[in-house]
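Numbering (this note's numbering), first residue to last: 14 to 480.
The beta-carbon is built from N, C-alpha and C at its ideal position, and this holds for glycine as well.
Presented below is the structure to which this report refers.
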RNA sequence: UCCUCAGUAGCUCAAUGGCAGAGCAUUCGGCUGUUAACCGAAGGGUUACUGGUUCGAGUCCAGUCUGGGGAGCCA
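Okay, here's the thing in structure tokens:
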């Protein structure tokens with residue numbers, strides 16, 4: 014794996030006894046360098062592990078001692094030395110250096126310091142911030158969380174479907190979309206009516222970046238039974254909040270022969286599984302979040318893993334909220350969508366754990382959601398979590414073609430735009446359900462990071478796509 | 001998009017309308033086991049931008065840009 018018998022710091026921390034009093038070769042970057050007259054200490058991070066390894070170097074045993082003293086934060090090194098135990102010291106072991114070679118120098122205008130930086134500043138150097146403790150932890154956890162999601166579905170025989178990133182027209186209605194075009198915007202061809210003639214565009218029609226893979230996933234669910242998508246999603250909303258981005262990742266499972274209860278069971282199992290997986294496989298990172306980002310994080314997550322999620326219907330929720338209407342700026346009333354303050358009250362005050370809110374009025378939900386027998390509500394569910402709000406939105410889909418068509422017409426949409434989606438009902442259509450999990454929102458909940466921009470490597474938000 | 005707060009040294013922040021400051025970082029020096037090491041010294045400024053009020057503006061006013069927090073939209 015590593016040439017020249019090179020060892021990683023992760024290997025040493027995971028099995029130190031295998032390396033004690035042995036010579037090891039390391040490579041990495043200086044996180045800090047302190048020197049005294051005749052000796053010095055380097056904190057080395059090699060990217061393989063959250064923690065650093067301390068390198069001790071001494072004047073009498075290192076020929077380039079005077080040069081090493083001057084090396085600054087960020088310098089890339091190749092180090093050879095003996096791993097020794099250091100009982101009683103703050104670090105468990107360290108390397109007594111025999112040779113230290115500079116692989117890549119780092120001049121003194123390097124923006125990162127040993128000191129703490131604000132997240133705002135680090136966003137302005139998004140290409141360097143993964144070298145900091147916090148972002149090292151965030152992005153290793155992001156990688157693990159992705160893996161845990163695939164593992165969860167794989168173990169349940171779900172088929173992973175790659176739904177298209179570029180989609181035809183805006184037939185999905187989940188939000189404002191980014192246009193995809195090869196037309197020259199200054200000299201776009203026009204139709205006789207004066208609009209842009211997308212027939213001359215690359216695809217011969219108007220196309221956009223996807224806002225959801227759901228409709229495509231439904232097609233595959235009605236062939237493979239249980240499927241999921243996990244990919245990038247784009248919304249051109251001018252949203253300026255800590256929990257919205259223009260480009261984010263979404264997990265969208267879809268199950269045939271499944272109702273809303275099955276849908277919620279899957280969502281609850283998944284959240285518990287993936288959180289448990291990351292806690293067990295990234296203990297150093299999770300302890301760091303628990304100590305420095307969000308005190309009480311692990312206790313809260315362990316509570317999520319071990320307790321049952323709350324369940325309440327929209328109608329019941331409104332009844333509770335109406336009794337407390339004096340505390341809200343927006344008064345709760347049946348038929349209105351729940352405000353953020355309402356959702357927070359329910360999940361943070363009433364339940365103090367994740368809760369499913371189900372059976373919303375049909376007029377505030379999407380056209381494809383299945384109409385309940387009361388004729389007023391649909392089989393929808395939102396999963397609300399303390400601190401973040403909505404993390405999952407899902408529903409049982411309307412499988413009855415005549416009811417779906419009625420809804421499409423009611424909303425002024427055109428049946429022909431949904432011809433293939435309607436075919437899924439016409440040919441062997443069955444009841445089915447699915448949901449969308451905001452991957453970054455799960456990241457925020459899992460790490461305690463409070464801004465979505467700090468859980469995406471190079472975030473895209475309004476007026477911001479520098480990197 | 002709306003409300004609100006902010007923008008001063010590389011970073012984190014001070015400065016009643018009256019001389020532009022500190023800590024850290026950087027550079028130099030000191031120190032025989034440091035842990036955000038410590039001690040001493042030096043260098044470092046278009047106070048976001050444009051205009052205005054004033055004898056005098058980092059400070060007051062107007063506009064613009066960028067960022068934070070909140071709301072809407074949603075995941």
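*Taking contact to mean at least 3 C-beta pairs separated by less than 8 Å, is the segment 25-41 in contact with the segment 70-82?*
no
_Cβ distance (whole Å) where residue 155 is taken to contact residue 398 below 8 Å_ = Reading the first chain from its first residue, position 142 is the one you call residue 155. Reading the first chain from its first residue, position 385 is the one you call residue 398. So it is not a contact: roughly 18 Å between Cβ atoms.
*Under 7 Å between the Cβ atoms of residue 407 and residue 448?*
Residue mapping note: residue 407 aligns to position 394 of the first chain, counting from 1. Residue mapping note: residue 448 aligns to position 435 of the first chain, counting from 1. Going by C-beta atoms, residue 407 is nearer than 7 Å to residue 448.
_Nearest by alpha-carbon distance to residue 389: which of 382, 395, 374 is it?_
Here residue 389 refers to the residue found at position 376 of the first chain. Comparing Cα-Cα distances from residue 389 to each of 382, 395, 374, the minimum goes to 374.
*Write down the C-beta distance between residue 435 and residue 450 rounded to the nearest angstrom, noting that I regard them as a contact closer than 8 Å.*
Within the first chain, the letter at position 422 stands for residue 435. Within the first chain, the letter at position 437 stands for residue 450. Going by Cβ atoms, the distance from residue 435 to residue 450 rounds to 27 Å, so no, they are not a contact pair.
*Under the rule that 16 or more other beta-carbon atoms within 10 Å means buried, what is residue 46, buried or exposed?*
On the first chain, residue 46 is found 33 positions in, with the first residue counted as 1. Looking at its Cβ environment, which holds 16 or more other Cβ atoms inside 10 Å, residue 46 is buried.
_Cβ pair count under 8 Å reaching 3, the segment 138-153 against the segment 212-229_ = Judged by Cβ distances under 8 Å, the segment 138-153 makes no contact with the segment 212-229, as fewer than three pairs qualify.
*asked:* So, at 6 Å on beta carbons, what are the nonlocal neighbours of residue 249 in its own chain, with the 5 sequence-adjacent residues on each side left out?
replied: For the purposes of this step, residue 249 is identified with residue 236 of the first chain, where counting begins at 1. Excluding residues within five positions, the ones whose Cβ falls inside 6 Å are 189, 190, 191.
*By how many angstroms is the C-alpha of residue 280 removed from the C-alpha of residue 24?*
Residue numbering aside, residue 24 sits at position 11 when the first chain is read from its first letter. Residue numbering aside, residue 280 sits at position 267 when the first chain is read from its first letter. When rounded, the distance between both Cα atoms is 35 Å.
*In angstroms, rounded to a whole number, what distance separates the CA positions of residue 410 and residue 326?*
For the purposes of this step, residue 410 is taken as residue 397 along the first chain, with counting starting at 1. For the purposes of this step, residue 326 is taken as residue 313 along the first chain, with counting starting at 1. So the two alpha carbons sit approximately 18 Å from each other.
*How would you label residue 246, buried or exposed, when you count the other beta carbons within 10 angstroms and need 16 or more for buried?*
For this step, residue 246 is matched to residue 233 along the first chain. With 16 or more Cβ atoms within 10 Å of its Cβ, residue 246 is classed as buried.
*Measuring CA to CA, which of 52, 372, 141 is closest to residue 386?*
Indexing the first chain from 1 puts residue 386 at position 373. The candidate whose alpha carbon is nearest that of residue 386 is 372.
*Within the same chain, show all residues whose beta-carbon is closer than 8 Å to that of residue 303, passing over the 5 residues directly before and after it, in chain order.*
Position 290 of the first chain, counted from the start, is the residue given in the question as residue 303. The answer, listed in chain order, is 309, 310, 311, 461.
_Distance between beta carbons of residue 288 and residue 459, contact taken as under 8 Å_ = By 1-based counting over the first chain, the position of residue 459 is 446. By 1-based counting over the first chain, the position of residue 288 is 275. Residue 459 to residue 288, Cβ: 6 Å. Contact.
*Assess, as a yes-or-no matter, whether the segment 192-208 is touched by the segment 268-280 under the definition of 3 or more beta carbon pairs within less than 8 Å.*
no
*Look at the alpha carbon of residue 208 and the alpha carbon of residue 428, and state the distance between them as a whole number of angstroms.*
As a working note, residue 208 is residue 195 in the first chain. As a working note, residue 428 is residue 415 in the first chain. Cα to Cα, the separation comes out at about 23 Å.
*From the DSSP output, read off the bridge partner residues of residue 246.*
Along the first chain, read from residue 1 onward, the residue named residue 246 stands at position 233. Looking at the DSSP assignment, residue 246 forms a beta bridge with 261.
*Contact between the segment 250-265 and the segment 121-130 (3+ Cβ pairs under 8 Å)*: no
*Reducing DSSP to helix, strand and coil, say where residue 255 ends up.*
Start at 1 with the first residue of the first chain, and residue 255 comes out as number 242. Coil, per DSSP.
*Whole-angstrom distance between residue 53 and residue 341, CA atom to CA atom*: For the purposes of this step, residue 341 is taken as the residue at position 328 of the first chain. For the purposes of this step, residue 53 is taken as the residue at position 40 of the first chain. If I take the Cα positions, the gap works out to 59 Å.
*So is residue 425 buried or exposed if we call it buried at 16+ other beta carbons inside 10 Å?*
Position 412 of the first chain, counting from 1, holds the residue named residue 425. Label assigned to residue 425: exposed.
*Measure the beta-carbon distance from residue 235 to residue 442 and round it to whole angstroms, keeping in mind my assumption that it falls under 8 Å.*
Mapped onto the first chain, residue 235 falls at position 222. Mapped onto the first chain, residue 442 falls at position 429. The Cβ separation is near 7 Å, so the contact holds.
*asked:* For a test of the three-state rule: what should DSSP assign to residue 452, helix, strand or coil?
replied: By one-based count along the first chain, residue 452 stands at place 439. Helix, per DSSP.
*asked:* Could you check whether residue 226 and residue 194 sit closer than 7 Å to each other, using their CB atoms as the reference points?
replied: Here the question's residue 194 lines up with position 181 in the first chain. Here the question's residue 226 lines up with position 213 in the first chain. Their beta carbons are not under 7 Å apart, which means residue 194 does not touch residue 226 by this criterion.
*For residue 47, which residues does DSSP report across the bridge?*
Taking the first residue of the first chain as 1, we reach residue 47 at position 34. In the DSSP output, where bridge partners are listed per residue, residue 47 has 54.
*asked:* Using a 10 Å radius around the Cβ and a threshold of 16 neighbouring Cβ atoms, would you call residue 445 buried or exposed?
replied: By one-based count along the first chain, residue 445 stands at place 432. By the 10 Å Cβ count, residue 445 comes out buried.
*Below 8 Å on the Cβ atoms is my guess for residue 115 versus residue 84; work out the distance and round it to an integer in Å.*
One-based indexing of the first chain puts residue 115 at position 102. One-based indexing of the first chain puts residue 84 at position 71. 7 Å between Cβ atoms; contact.
_Under DSSP, the alpha helix (DSSP H) around residue 372 begins and ends at which residues?_
The residue given as residue 372 occupies position 359 in the first chain. Segment 368-374 is the beta strand (DSSP E) holding residue 372; no alpha helix (DSSP H) there.
_Bounding residues of the alpha helix (DSSP H) (the contiguous stretch that carries residue 419)_ = The residue you call residue 419 lines up with position 406 of the first chain. Where residue 419 is concerned, the enclosing alpha helix (DSSP H) stretches over 414-423.
*Less than 7 Å separating the beta-carbons of residue 345 and residue 359?*
Against the first chain, residue 345 aligns to sequence position 332. Against the first chain, residue 359 aligns to sequence position 346. Contact: no.
*According to DSSP, which residues form a beta bridge with residue 8?*
The structure shown does not extend to residue 8, since the chain is modelled only from 14 to 480, so the question has no answer here.
*Among 215, 97, 328, nearest to residue 392 - alpha-carbon criterion*: Here residue 392 corresponds to residue number 379 of the first chain, with the count starting at 1. Taking each of 215, 97, 328 in turn and checking the Cα distance to residue 392, the smallest one comes out for 328.
*Over what stretch of residues does the beta strand (DSSP E) that includes residue 70 continue unbroken?*
The residue given as residue 70 occupies position 57 in the first chain. Residue 70 -> beta strand (DSSP E) spans 66-71.
*Spatial neighbours of residue 239 in its chain, beta-carbon cut-off 6 Å, leaving aside the 5 residues before and after*: Translated into positions along the first chain, residue 239 becomes position 226. The answer, listed in chain order, is 171, 268.
*Identify the continuous alpha helix (DSSP H) that holds residue 313 and give its terminal residues.*
One-based indexing of the first chain puts residue 313 at position 300. 310-319 is the extent of the alpha helix (DSSP H) around residue 313.
*Should residue 285 go down as buried or exposed, given a rule of 16 or more other Cβ atoms within 10 Å for buried?*
On the first chain, position 272 is the one that residue 285 refers to. Counting Cβ neighbours within 10 Å, residue 285 comes out buried, since at least 16 surround it.
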